[in-house]
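Numbering (the working numbering), first residue to last: 188 to 404.
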């Protein structure tokens with residue numbers, strides 16, 4: 188059923204339940220489906236309005252206008268120094284922890300730094316690594332530290348690292364997303380289900396259970 192699709196991170200909402208990050212600009216609302224919002228400061232878009240934007244995130248969380256913080260994280264391709272990105276990430280993690288919200292994480296060549304930040308935070312039970320596409324050793328390290336893994340557009344490439352490790356992601360840590368891709372949420376679910384050797388309906392149930400555990404909707 189379309190309403191059974193859960194898309195934990197997208198900039199382009201469609202059918203099902205969508206957690207939308209508006210950081211790329213105006214969001215075109217779908218004709219069907221439910222839309223909820225996350226809010227964060229993406230490491231690629233750090234500017235001189237950081238304090239104002241942090242206040243906006245805090246207020247949105249306090250007023251219940253968002254269901255998650257993020258995407259936030261560290262990206263070594265970004266212009267801002269890694270140290271600046273990390274401090275900003277940690278402040279967003281504090282907001283997420285304060286309001287019991289999931290933290291949707293963007294990480295590019297910075298997994299060790301993000302795990303170190305995780306260890307420093309006291310409220311870190313709801314950290315989601317979005318768009319995961321990395322080798323098995325990194326996956327196991329993230330799982331050891333309690334991260335949830337969100338699989339997205341990279342699974343559509345059967346040569347990708349995430350496609351290879353998909354069967355090793357525990358069912359109780361798996362989420363699905365489309366991010367900013369042209370793939371539908373149904374297409375991503377179908378690919379993940381085939382790779383894991385299960386029915387799409389079973390995958391929908393798995394993701395629903397994890398989603399309900401993480402999100403207060």
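Each residue gets a CB set at the ideal place from its N, CA and C atoms; glycine is no exception.
(1) Output the boundary residues of the alpha helix (DSSP H) element that contains residue 375.
(2) List the residues that DSSP assigns as beta-bridge partners of residue 262.
(3) If residue 340 and residue 365 are in contact, beta carbons under 8 Å, what's the gap, nearest whole angstrom?
(4) Taking the alpha carbon of residue 291 as the reference point, which residue from 342, 383, 206, 392 has its own alpha carbon closest?
(5) Grab the span of the alpha helix (DSSP H) containing residue 349 for me, first residue to last.
(6) Excluding five sequence neighbours on each side, which residues of the same chain lie with their C-beta closer than 6 Å to the C-beta of residue 332?
(7) Below 8 Å on the Cβ atoms is my guess for residue 224 versus residue 253; work out the distance and round it to an integer in Å.
(8) Indicate the three-state DSSP secondary structure (helix, strand or coil) for residue 254 in the structure shown.
(9) By Cβ distance below 8 Å, which residues in the same chain neighbour residue 344 in space, the five residues on each side in sequence not counted?
(10) Rounding to the nearest angstrom, what Cα-Cα distance links residue 202 and residue 221 in this structure?
(11) Assess, as a yes-or-no matter, whether the region 272-286 is touched by the region 243-259 under the definition of 3 or more beta carbon pairs within less than 8 Å.
(12) Under three-state DSSP, which class holds residue 334?
(13) Kindly indicate which residue of 347, 342, 318 has the alpha-carbon position closest to the one of residue 334.
(14) Residue 358: which of 398, 289, 241, 293 sits nearest, CA to CA?
(15) For the alpha helix (DSSP H) containing residue 398, list its first residue and its last residue.
(16) Is the distance from the Cβ of residue 289 to the Cβ of residue 401 below 8 Å?
(17) At least one CB of chain B closer than 8 Å to the CB of residue 251: is that the case?
(18) Helix, strand or coil for residue 248? Go by DSSP, reduced to three states.
(19) Within 10 angstroms of its Cβ, does residue 139 collect 16 or more other Cβ (buried), or is it exposed?
Based on what the coordinates show:
(1) Per DSSP, residue 375 is one residue of the alpha helix (DSSP H) stretching across 372-383.
(2) Under the DSSP definition of a beta bridge, residue 262 partners with 295.
(3) Confirmed, Cβ separation roughly 7 Å.
(4) The shortest Cα separation from residue 291 among 342, 383, 206, 392 belongs to 206.
(5) 348-352 is the span of the alpha helix (DSSP H), which, as asked, contains residue 349.
(6) Only 302, 305 meet the Cβ criterion.
(7) The Cβ separation is near 5 Å, so the contact holds.
(8) Residue 254: coil per DSSP, three-state reduction.
(9) Within the same chain, residue 344 has close Cβ partners 350.
(10) Answer to the nearest angstrom: the Cα atoms are 7 Å apart.
(11) Proximity of the region 243-259 to the region 272-286 meets the contact definition, three or more beta-carbon pairs being nearer than 8 Å.
(12) Residue state, collapsed to three classes: coil.
(13) That would be 318, whose Cα lies nearest to the Cα of residue 334.
(14) Cα-wise, what sits closest to residue 358 is 398.
(15) Counting along the chain, the alpha helix (DSSP H) containing residue 398 begins and ends at 387-401.
(16) Cβ atoms of residue 289 and residue 401: closer than 8 Å.
(17) No chain B appears in this structure, which consists of one protein chain only.
(18) Shown here, residue 248 sits in a helix according to DSSP, grouped into three states.
(19) Given a span of 188 to 404 for the chain in the structure shown, any question on residue 139 remains unanswerable.
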